[in-house]
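Worksheet for the structure shown next.
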Amino acid sequence: MSIEIANESGVEVDTDAILAVARHALDEMGVNPLAELSILLVDIDYMAELNHRWMGGDGPTDVLAFPMDEGSVDHGPGEAGTGEPALLGDIVLAPEVAAKQAAAAGHSAADELHLLTVHGALHLLGYDHAEPEEEREMFALQNRLLQSWRAGR
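FYI, this note's numbering numbers position 35 of the sequence shown as 113, with every residue one higher than the one before it.
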């Protein structure tokens with residue numbers, strides 16, 4: 079699996095751990111091993127701009143996911159793949175927002191970034207949390223992926 083990461087946030091983060099949790103989540107979800115993913119870490123101002131431009135939101139958010147082509151994602155053995163690399167899309171993270179949320183939640187900024195990475199990956203795979211049932215499913219899956227990743231470290 080090809081995962082590229084760029085830290086343009088100005089905040090020092092453990093990009094190796096972010097790559098590892100993303101790879102774990104996608105592997106566990108049965109994503110085509112030829113899939114490609116991009117992760118970008120940005121500052122608060124750029125995240126606020128992206129949030130406004132693409133989501134109609136005000137201010138910065140913690141994570142945005144931009145799927146490239148939902149039809150190209152190979153979700154695993156139950157679905158026939160084309161053998162072509164799937165372009166999953168981009169996950170954009172804001173470490174400064176994550177750090178504030180982590181402090182409020184009582185865990186580390188690194189843990190928050192890991193959670194947000196898995197959250198973004200699930201969005202790229204078509205999961206959402208707009209409805210209560212979708213939210214229960216997505217957050218349960220997110221928690222299971224994080225727990226299995228932490229257990230393997």
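All residues carry an ideal CB built from backbone N, CA and C; glycine is no exception.
Extent of the continuous alpha helix (DSSP H) run through S87 = Taking the first residue of the sequence shown as 1, we reach residue 87 at position 9. Neither: S87 is in no alpha helix (DSSP H) and is coded neither H nor E.
- Could you give the DSSP three-state label for L97: helix, strand or coil? Mapped onto the sequence shown, residue 97 falls at position 19. It is helical.
Margin query: Please state whether the Cβ-Cβ distance between I96 and I122 is less than 8 Å.
Written below: The residue labelled residue 96 in the question sits at position 18 within the sequence shown. The residue labelled residue 122 in the question sits at position 44 within the sequence shown. Judged by their CB atoms, I96 and I122 are not nearer to each other than the 8 Å cut-off.
The beta strand (DSSP E) with A143 in it runs from where to where? Within the sequence shown, residue 143 is the residue found at index 65, counting from 1. Counting along the chain, the unbroken beta strand (DSSP E) around A143 starts and ends at V141 to P145.
Practice prompt. Compare the Cα-Cα distances from V120 to each of L142, L219 and W227 and report the closest residue.
Written response: Taking the first residue of the sequence shown as 1, we reach residue 120 at position 42. Here the closest residue by C-alpha is L142.
task = Keeping to the same chain, check which residues put their C-beta closer than 8 Å to that of A183; ignore five residues upstream and five downstream.
result = In the sequence shown, residue 183 corresponds to position 105, counting from 1. Excluding positions up to five away in sequence, the list reads E190.
**OP:** Quick one: give me the first and last residue of the beta strand (DSSP E) that V175 is part of.
**Re:** For the purposes of this step, residue 175 is taken as residue 97 along the sequence shown, with counting starting at 1. Unbroken run through V175 is the alpha helix (DSSP H), P173 to A183; no beta strand (DSSP E).
- Task: Would you decide whether Q220 is buried or exposed? Buried here means 16 or more other CB atoms lie within 10 Å of its CB.
- Result: Taking the first residue of the sequence shown as position 1, residue 220 is located at position 142. Here Q220 is buried, its C-beta having at least 16 other C-beta atoms within 10 Å.
With DSSP collapsed to three states, give me the class of G167.
What you label residue 167 is simply residue 89 of the sequence shown in a count that begins at 1. Reduced to three states, the DSSP call for G167 is strand.
Margin query: DSSP three-state label for S186, please.
Written below: Position 108 of the sequence shown holds residue 186. Residue state, collapsed to three classes: coil.
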